[in-house]
Each structure stands twice: as structure tokens, then as C-alpha cells.
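So the structure is just underneath, and the comments pick up after that.
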Amino acid sequence: MLEHIKILSYVILLIGIVWLILYINNTYKLFPYKFLKSIRTYNILVLILMALRFSFFYVKENLLLYVEPGLSPIYLNVLTFSISIVTLLLVYLMLNILLNFNDKSFTKSQNIKAFIAGIIITSIYIFTSFFPEKTNFSFSWLDNIINNVFIFNIIVNNLEFIIIISFYFFWSNRIEDKDSKRISKSFALFYILCNSLSLLALVFIMQINMPQLLRWSIQLFILFLFILTPFLWIKFVFIKYAQTMSRLMNSNVSSLYTKYNISAREQEIIQFLINGKGNNEIKEELFISYHTVKNHLSNIYRKLNVKNRHELVHLFMKSRDI
């Protein structure tokens, strides 16, 4: 019975993350901030990681009973290796998200260095795992960590926790725009709270002998936190920030209107776009046809020399020195 509950709960969580990814993607279409795209990618990788973990435990507890003993370590090593790679990528992506808040990203040389570091780490892991007889040291402790999902989660959470704290103290205070600083700090605080609760819960269940069902429920709660955290931040912090864009436009924006000969009607449409309105909503607000909205958008894109609303909004964001 418990095994069926485990499978069902994992499936529900996976569906929840798929929904979250779609939600973030829809928000990104309306408010094309670079860090939203990174958060979406991060959560896609979280979905993959959860699927790999589920596969690992399912294979370990069920399928290995029906394969040859010599093949069992191969299945587990492949899954363990995949989980290790995804975990490294998650740390890299979290760093990228935090840089995006400051309107920066990894340079080409930094990406190359990160890639080389990843290759070195994974090469050492492969060599010591698959050819232990040819070396005097082993990463068997890494296998033990991943075999114990609780310790594995603590390691991952601590890494992210340290990264977020570092960003919170060293990066967010450098952001000049007060609203941008507020959402960057709030993002850090949301994830600090999420990781802290996860860490406390994991330590609690490792120290106390409790029924397996209760232990599993706490573990599910921890995973649920990582779905709830970005949703709450987007819903209650980011959306409010993004919707103030039109009210916070300064004289630089007015000069853009003058420079590119943007008509009054086109200015209205641009403000609706910045507020995250879709074409149908603009049509209803301005009492014009959908075709007219499309024509106005084509003219706006042509005048501003942009290809889509993402480039348009970014142009106006840059005009505010965000």
C-alpha cells in the first residue's frame, strides 16, 4: 500500500512542477525579464532531477530483482551519474538567475571555465566509480549520499543556500533601482526560507525514529516547498513589481516616444504590453479589433527596430537603467 502511495505522490508532484513551468513560461511571455527565463529553465531541471530520483528508487526497489546481479550496479551507476550532472547544472543555473537580477549573465569565458570544471568533476567521478581498482581513492561516499535521499537533499540545499546568501549580501545592495533591489532581495529571502525549512525538516527526520509514512510525508512536504516558493514569489512579489513599470517611466521613455515618432495610440499599446497585457486584453481595453491591434504592433516593432514584445520591453527597461 505504501509503495502505491509513494508512486502516486511522486506523480502528483511531477504534475505540479509541469504546471509551475507552464505558469512561469506564461508569465515570461507577458513580462520578458531575463531572470524569469532562467527560473523557468531551473525548474525544468528540477523536474528532470525529481524524475531521475524517482527512477533511481524505483529501479533499486523493484527492477533490480529481475536483472542479472552483474548488471545491477550499471543501472544504478548510470542513474547516479545522471543525478550528479543535473545537480551540478542546478547550482550553475541558480548562479545565473542571481546574475540576471543585476542584468548580467555569465561571459563566454566563464561559461567555458564552468564547462571545463564540470568535465573534470564528472571525469573523476566516472573513473573512480567504474574503475575503482585502478585508483587508490574512491568517490564511494557520493554513492552513499545519493543512496540516502535525505543527506543528498541536505547537500544540495546547503549549496543553494550558500549561493543565495552570497548573492543577498554581495549583489543585491549594488542594484541602484529600489524596486529591482526589492524583488532581488525578496527572491533570495524566499529561497533562504525554503532551504532553511527543508534543512530543518531533513535534520528532524534523520534524528527521530518515526513511522515510514510520516517520514515520507515530510519528504514530500520538502519537495512541495520547491514548487510553492517560485509560485509565491512570482504571484505576490514579481507581478506587482512588473505592473508598476508604466507608472515608473521617466523622461527617457518620453524621449524614446519622440525619437521614434510613436503615436498616442501606440504609446497606449506599449504601456499595456509593459503591464503584461495580451493582444486580446488590449483589444477589449481600447475597444478596437484584434486585427487593428496586430497592425499597431507591427508599426511599433518596425519603428523601434525590434522583432517581438520581449525586445520591446527590454528596450524600455534599458531606458530606465534597470
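Quick note on the working numbering: the sequence shown kicks off at 893 and runs consecutively.
For each residue, glycine too, the CB sits at the ideal point set by N, CA and C.
How would you call residue i, buried or exposed, if buried means at least 16 neighbouring beta carbons within 10 angstroms?
{"i": "R1201", "result": "buried"}
{"i": "P924", "result": "buried"}
{"i": "H1183", "result": "exposed"}
{"i": "W1125", "result": "buried"}
{"i": "I1038", "result": "Model confidence at I1038 stands at a pLDDT of 48, short of 50, so the residue's coordinates are unreliable; what they give is reported in the following sentence. It is buried - the Cβ of I1038 has at least 16 other Cβ atoms within 10 Å."}
{"i": "F1029", "result": "Note that F1029 scores 49 on pLDDT, short of 50, meaning its location in the model is unreliable; the coordinates nonetheless yield the value given after this. With fewer than 16 Cβ atoms within 10 Å of its Cβ, F1029 is classed as exposed."}
{"i": "N1003", "result": "exposed"}
{"i": "T1150", "result": "exposed"}
{"i": "L1165", "result": "buried"}
{"i": "F1208", "result": "buried"}
{"i": "S976", "result": "buried"}
{"i": "N992", "result": "buried"}
{"i": "K996", "result": "exposed"}
{"i": "V1095", "result": "exposed"}
{"i": "I897", "result": "exposed"}
{"i": "A1009", "result": "exposed"}
{"i": "K1199", "result": "exposed"}
{"i": "L1189", "result": "buried"}
{"i": "F1007", "result": "exposed"}
{"i": "I1154", "result": "buried"}
{"i": "I899", "result": "exposed"}
{"i": "I1054", "result": "exposed"}
{"i": "I1275", "result": "Since the first and last residues shown for the chain are 893 and 1214, residue 1275 lies out of range."}
{"i": "N1142", "result": "In this predicted model, N1142 has a pLDDT of only 48, less than 50, meaning its place in the structure is not dependable; the value taken from the coordinates is given anyway. Classification of N1142: exposed, given that the 10 Å Cβ count is below 16."}
{"i": "W911", "result": "exposed"}
Verify whether the separation of the beta carbon atoms of residue i and residue j is less than 8 angstroms.
{"i": "P1122", "j": "I916", "result": "yes"}
{"i": "E1160", "j": "L1178", "result": "yes"}
{"i": "I1056", "j": "S1090", "result": "no"}
{"i": "L944", "j": "V978", "result": "yes"}
{"i": "S1064", "j": "S1076", "result": "yes"}
{"i": "E1158", "j": "N1197", "result": "no"}
{"i": "V1185", "j": "K1175", "result": "yes"}
{"i": "L906", "j": "L939", "result": "yes"}
{"i": "L981", "j": "I1013", "result": "no"}
{"i": "M942", "j": "I913", "result": "no"}
{"i": "N1172", "j": "Q1135", "result": "no"}
{"i": "F1059", "j": "A1080", "result": "yes"}
{"i": "V1129", "j": "S1078", "result": "yes"}
Hey, out of the options, whose CA is closest to residue i's CA?
{"i": "K926", "options": "I975, G908, S1072, V938", "result": "S1072"}
{"i": "I936", "options": "S1155, F1118, I1012", "result": "F1118"}
{"i": "Q1111", "options": "I1097, K1127, H1188", "result": "I1097"}
{"i": "G1170", "options": "T919, I1016, W1108, L912", "result": "T919"}
{"i": "V1145", "options": "H1188, F1116, V1205, V1129", "result": "V1205"}
{"i": "A1093", "options": "I1016, S1109, F1079", "result": "S1109"}
{"i": "K921", "options": "I1131, S1155, F998", "result": "I1131"}
{"i": "Y902", "options": "F1116, R1074, Y1152", "result": "F1116"}
{"i": "Y1133", "options": "L1106, R1107, Y1152, R1074", "result": "R1074"}
{"i": "C1086", "options": "N1101, L1105, L1106, L1120", "result": "L1120"}
{"i": "I1016", "options": "A1156, F973, I1084, T999", "result": "F973"}
{"i": "Y1152", "options": "I1011, Y1193, Y934", "result": "Y1193"}
Please indicate yes or no: does the CB of residue i lie closer than 7 angstroms to some heavy atom of the ligand NAD?
{"i": "I1055", "result": "As far as ligands go, the structure on display features none, and thus does not contain the ligand NAD."}
Check your understanding: Does the region 927 to 945 touch the region 987 to 996, meaning 3 or more C-beta pairs lie closer than 8 angstroms?
Key -> yes
Practice item. Kindly provide the ranges of any beta strand (DSSP E) runs that are 3 or more residues long and lie completely inside the region 1094 to 1168, ordered along the chain. Key: none
**Study point:** Length at least 4, wholly inside the region 1167 to 1210: the alpha helix (DSSP H) runs in chain order
**Key:** 1171 to 1178, 1182 to 1196
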